[in-house]
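Just below is one structure, and these are the notes that go with it.
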Amino acid sequence: MALAVVFVMLATTGWTAVHRPDDEVSPRVAALAAWGAARIDGHPVPSADAPARTVARFFAGLDGAQRAQLADGYPLVVGNLDGVPAQTRYRANRRAVLDVRQAEEEHARDYRLAPADRTEAGRRAHRLASLADPDRQILVFDPTGDGRVAEVFGDLDRAERVSVIVPGVDTGLITFERTQRHFTAPQGMAESLYAAQRAAAPDTPTAVIAWAGYTTPTGVGVDAATGRLAMEGAARLESLTAALPGDATVALFCHSYGSVVCGLAAQRLPARVTDVVAAGSPGMRAGNVAGLGTSARVWAVRAEGDWIADVPHLELGGLGHGADPMSAEFGARRLSSAGARSHTAYFEPGTGSLDNFAKIGTDLLSSVACAGGDDSCRGPVR
674 MALAVVFVML ATTGWTAVHR PDDEVSPRVA ALAAWGAARI DGHPVPSADA
724 PARTVARFFA GLDGAQRAQL ADGYPLVVGN LDGVPAQTRY RANRRAVLDV
774 RQAEEEHARD YRLAPADRTE AGRRAHRLAS LADPDRQILV FDPTGDGRVA
824 EVFGDLDRAE RVSVIVPGVD TGLITFERTQ RHFTAPQGMA ESLYAAQRAA
874 APDTPTAVIA WAGYTTPTGV GVDAATGRLA MEGAARLESL TAALPGDATV
924 ALFCHSYGSV VCGLAAQRLP ARVTDVVAAG SPGMRAGNVA GLGTSARVWA
974 VRAEGDWIAD VPHLELGGLG HGADPMSAEF GARRLSSAGA RSHTAYFEPG
1024 TGSLDNFAKI GTDLLSSVAC AGGDDSCRGP VR
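In my numbering, the protein residues as written are 674 to 1055.
Next comes the structure, spelled out in structure tokens:
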């Protein structure tokens, strides 16, 4: 019966994501081709798929002018390359955003295109105008398809604690930030969490990353019910956490389908990841905390009225994501979500969930509020 419910959900919400055909070579593909032949003072650059440590060693041997030369010459590669210094990535991505914004504005005025295509180009240009603000720290920018974006709040190089928000379905370039329902989009979530952390621990240097750095499912269809996109996202998340500068410890805040990504990444995450929080989770592709294979503390939270509670927590034939992280059998540390009333409310100011997230992100674990109103989530969990 549970499997039947899954099939009903898929049938009523659409089986597949919509993919817009595009015969042109994407800017990212063209940039990768150019990067493959790039040289700096006669020396070849590392491959775009080289390990982050290899990239970091290469860029550590360059001076400021050489880094700027590569950032300006190959922005869509350098801005997305784990191991490149954060400031160099910010520079590259600012250049890339401006270039793509100009192209989208031209498309929006091109009356040879269909009206729907011009409208979509106009929407993307509007979002890119916001991302191009020189005060913003864009860590990832890839305009391919629905787009991938990540933004940093705080000083990533000086932070002692770094929090990474991993969002769920329907996240891309257009939905990375919202004017209405601001705290339901990754940019608003990170902004809210960073402010809460500064209030909770003003003397602790922190940084928060809104990380829409993987291709998310479109709608609650087959892609959302399987782990295909989550596996690709898990590899990217592993690379990100391993490449963060310094020796800061890391907390992951994984919302909805993002918790599937975190669950699949868990056993390969570096030891610096001390906490993994699953918020409104459909499952983490594991039967229990031990099955995640991580030394990090695993937390779970679900808001009153969150529809995810009605999703069958199973995995059968590749469909579904397994056990409920909020169940006692799963073994996670269950957090209070007081004041949160929906699937997208976890980062709203004034909620117990946001307060708990800020305390976990700043290592104030003795004062987190547990789901049962006791102290069961603060001690050893069996």
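The beta-carbon is built from N, C-alpha and C at its ideal position, and this holds for glycine as well.
Assumed close pair residue i, residue j - CB separation to whole angstroms, cut-off 8 angstroms
i, j, result
"Ala880", "Asp828", "6 angstroms"
"Ala976", "Ala951", "Actually they do not touch by this definition, with Cβ atoms about 13 angstroms apart."
"Ala939", "Val949", "6 angstroms"
"Ser929", "Gly953", "5 angstroms"
"Asp755", "Ala903", "About 19 angstroms separates the two Cβ atoms, so there is no contact after all."
"Phe826", "Gly752", "With a Cβ gap of about 18 angstroms, Phe826 and Gly752 do not count as contacting."
"Val842", "Tyr887", "Not really, about 12 angstroms apart at Cβ, beyond 8 angstroms."
"Leu937", "Val839", "So it is not a contact: roughly 11 angstroms between Cβ atoms."
"Ala885", "Thr852", "In fact, because the Cβ distance is near 17 angstroms, the residues do not count as touching under 8 angstroms."
"Tyr747", "Ala703", "Actually they do not touch by this definition, with Cβ atoms about 11 angstroms apart."
"Arg1014", "Gly978", "5 angstroms"
"Gln860", "Glu824", "6 angstroms"
Three-way DSSP call (helix, strand, coil) for residue i in this model
i, result
"Ala794", "helix"
"Gln810", "strand"
"His994", "coil"
"Gly827", "strand"
"Thr1035", "coil"
"Ser1049", "coil"
"Val698", "coil"
"His799", "helix"
"Ala1001", "coil"
"Arg740", "helix"
"Phe680", "Since pLDDT at Phe680 reaches only 43, below the 50 mark, its modelled position is unreliable, and no value is offered."
"Thr689", "Its pLDDT being 33, under 50, Thr689 is placed unreliably by the model, and the measurement read from it follows with that caveat. Thr689 falls in the coil class under three-state DSSP."
"Asp815", "strand"
"Leu1008", "strand"
"Thr788", "As written in the sequence, residue 788 is Pro, which differs from the Thr given in the question. Note: Pro788 maps to helix in three-state DSSP."
"Phe856", "helix"
Residue i Cβ short of 7 angstroms to the ligand GTP heavy atom set
i, result
"Phe1003", "Here there are no bound small molecules, and the ligand GTP is not part of this structure."
Element boundaries [alpha helix (DSSP H), containing residue i]
i, result
"Arg767", "759 to 781"
"Ala1044", "From DSSP, Ala1044 is part of no alpha helix (DSSP H); its letter is neither H nor E."
"Ala869", "859 to 873"
"Val895", "895 to 898"
"Ala908", "901 to 916"
"Arg851", "Segment: none, Arg851 is in no alpha helix (DSSP H) and carries neither H nor E."
"Leu1068", "No information on residue 1068 is available, as it lies outside the stretch 674 to 1055 that the chain covers here."
"Arg726", "725 to 733"
Span of the beta strand (DSSP E), counted from its first residue to its last, around residue i
i, result
"Val837", "834 to 839"
"Val881", "879 to 885"
Short Cβ contact (8 angstroms threshold) for residue i with residue j
i, j, result
"Pro856", "Val822", "A small correction: the amino acid at residue 856 is Phe; Pro does not occupy that position in the sequence shown. The answer is no: Cβ separation not under 8 angstroms."
"Ile713", "Leu749", "no"
"Ala798", "Ala787", "no"
"Ser912", "Leu1027", "no"
"Phe926", "Val837", "yes"
"Gly990", "Asn961", "no"
"Arg767", "Ala805", "yes"
"Gly995", "Arg958", "yes"
"Glu1009", "Ala1042", "Residue identity check: residue 1009 is Ser in the sequence provided, not Glu. Their beta carbons are under 8 angstroms apart, which means Ser1009 touches Ala1042 by this criterion."
"Ser699", "Thr817", "yes"
"Asp783", "Arg796", "no"
"Thr1035", "Thr877", "yes"
"Ala883", "Met862", "yes"
"Thr899", "Leu992", "yes"
"His986", "Gly964", "no"
Below-8 angstroms beta-carbon distance, residue i vs any chain B residue
i, result
"Arg871", "The question asks about chain B, but that chain is absent: this structure has only one protein chain."
Return the chain-ordered ranges of every alpha helix (DSSP H) run that is complete within the region 918 to 992 and spans a minimum of 4 residues. DSSP runs (the alpha helix (DSSP H)) wholly in the region 918 to 992: 930 to 938, 962 to 965.
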